[in-house]
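Taking it in order: structure first as C-alpha cells, then the write-up.
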Amino acid sequence: MRDGIMLLYHSEIFEKHNTGNHPECVARIANVNAMLEKKGWIKQSTKPNWLAATVEQCRRNHTESYIEQLHRWCDQGAGRVESDTVVSIGSWDAATLGAGAACDAVRRVFNGEDTQAFCAIRPPGHHALQDAPMGFCLLNNISIAAQCARTLGCHSVLIVDWDVHHGNGTQASFWEDPSVGFVSIHRFPFYPGTGRKEETGAGAATGTKVNIPVPADTGPKSFLDQLATQTEKLAQKIKPDLILLSAGFDAHVADPVGGLSLEAEHYFEAGKWIAGLAREHCQGRLVSLLEGGYHLQHMPECVDAHLRGMTA
Ligand SMILES: [Zn+2]
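Numbering-wise, my numbering comes out as the position in the sequence shown, counting from 1, plus 313.
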C-alpha cells in the first residue's frame, strides 16, 4: 500500500482563508507549500484524495449552533469575529478541508495504509472551543480528528501539543474524557492564560491531561527533556493506539508571536523523538497537524526539520 514515505496533505485551498494583515496569513501556507515542493517532500510522499469535513464530523466536537454560525460568518466574509480571529469568504472551504485532512489522515493511518501523516493546513485549531472561535482558530482540527479516531474503534488517543501556546480548546474538549490523553508544553504566563500544572482533567479523566508551563527563558534542551519525560510517563499510563500531534512552530527563537529559544534543528530532534514514541507504543501511528508558527522563513524550515526527524 505504501508508495510514499508518508501521507502528506497539502492544498492551495488553504490560501483561500484570507486574513489580510494578520500574523496567521496566507503567506504562511504558501511558503510551506513552496518548501514542500522544493525539498522534495511532495515527490516523496503520498498525497491522498480527501474531502472537507462534513457537518456531522465537525459536530463530534463542536455545537451545531456554532457550526451554523461559522458557516454564516464565512458566507458573509464577516471579518473579525473574535478579538484575534478573522473570517473571510474562503474560510469555510479552508477550515473544513483542514479538519477533513485530519480525519482522513487518522482513518488511513488507523487502517494501516501508512504509519505517518503530516497535514499542512490552516487555519490552526487548538484554541478553538466547542462553541466559539478563538486565537486564530475556527475548527479544532485535532479534537475533531481524535473524535473520528474513536468512531473507528480507537480506544486510546494521545494528543501531544508543542505549540508555544497552551492548547486550551483541545484540553476543554476532552477534560472529562479518559480515552484521550493530552500533553501540552507552553510558555507561561502567556496567551491564552490556561495550562497550569494543576489542570489535570476531571472525574474519570483526572490525570490524563498533563500541562507543562515553562518560563520565557527556558532553553531548548530543557523544553525537549520536559516534553519527553512527561509524555512518556502519560503514554505508559494510557497506552495509546494512535498519537496525534499539534505541531506548532512558534517556540522558534525568531517567532514574532510566540518565541522561546528553539531553532529549526530542535524540531528535527522532536520529530525523531515523537516518531520513536509512536513506534514504541502504537506501531508507529502518528498524525501531525500544523498549528502555529508565524515567522515566514523560519516556520517552513522548522516544518522541513520536523518531517526529516519524523521520517529519519
Ligand atoms: Zn501558537
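By construction, the Cβ of each residue, glycine as well, lies at the ideal position given by its N, Cα and C atoms.
Small disclaimer: the values here were computed from a predicted structure and weren't measured.
Between Ala-485 and Ala-412, the gap from beta carbon to beta carbon reaches 7 Å or more. With a cut-off of 6 Å, the C-beta of His-478 is classified as near ligand 1, since at least one heavy atom of the ligand falls inside that distance. DSSP places Leu-471 within a strand segment (E or B) once states are collapsed to three.
Here the stretch 455 to 474 lies against the stretch 552 to 572, with 3 or more beta-carbon pairs under 8 Å apart. Its chain contains Thr-398, Pro-436, Pro-437, Gly-438, His-439, His-440, Ala-441 and Gly-482 as the residues whose beta carbon lies nearer than 8 Å to that of Cys-450, once the 5 sequence neighbours on both sides are disregarded; these appear in chain order.
With contact defined as three or more Cβ pairs closer than 8 Å, the stretch 374 to 384 and the stretch 338 to 355 are not in contact. Taking every protein chain shown into account, the CB of Asp-388 has fewer than 16 other CB atoms within 10 angstroms, so this residue is exposed. In terms of CA proximity to Lys-534, Ser-574 leads the group Glu-325, Leu-320, Asp-617 and Ser-574. For the 7 Å CB-CB criterion, Tyr-504 and Asp-444 do not form a contact. Where Gly-392 is concerned, there is no enclosing alpha helix (DSSP H), although the beta strand (DSSP E) around it starts and stops at 392 to 395. Judged by their CB atoms, Gly-403 and Asn-331 are nearer to each other than the 7 Å cut-off. Uninterrupted beta strand (DSSP E) stretches at least 3 residues long and entirely within the stretch 446 to 527 occur at 470 to 474, 493 to 500 and 522 to 527, given in chain order. Boundaries of the beta strand (DSSP E) harbouring Leu-602: 599 to 603, taken from the DSSP string. Annotated as distal: Ala-517 and Val-493, with beta-carbon spacing of 7 Å or more. Scanning its chain for C-beta atoms nearer than 7 Å, with the 5 sequence neighbours on each side dropped, one finds around Ala-407 the residues Ile-326, Phe-327, Lys-329, His-330, Arg-435 and Pro-436, in chain order. With respect to Leu-609, Ala-415 sits apart: the two C-beta atoms are not nearer than 7 Å. DSSP, reduced to helix, strand and coil, places Ile-434 outside both helices and strands of the structure shown, so it counts as coil.
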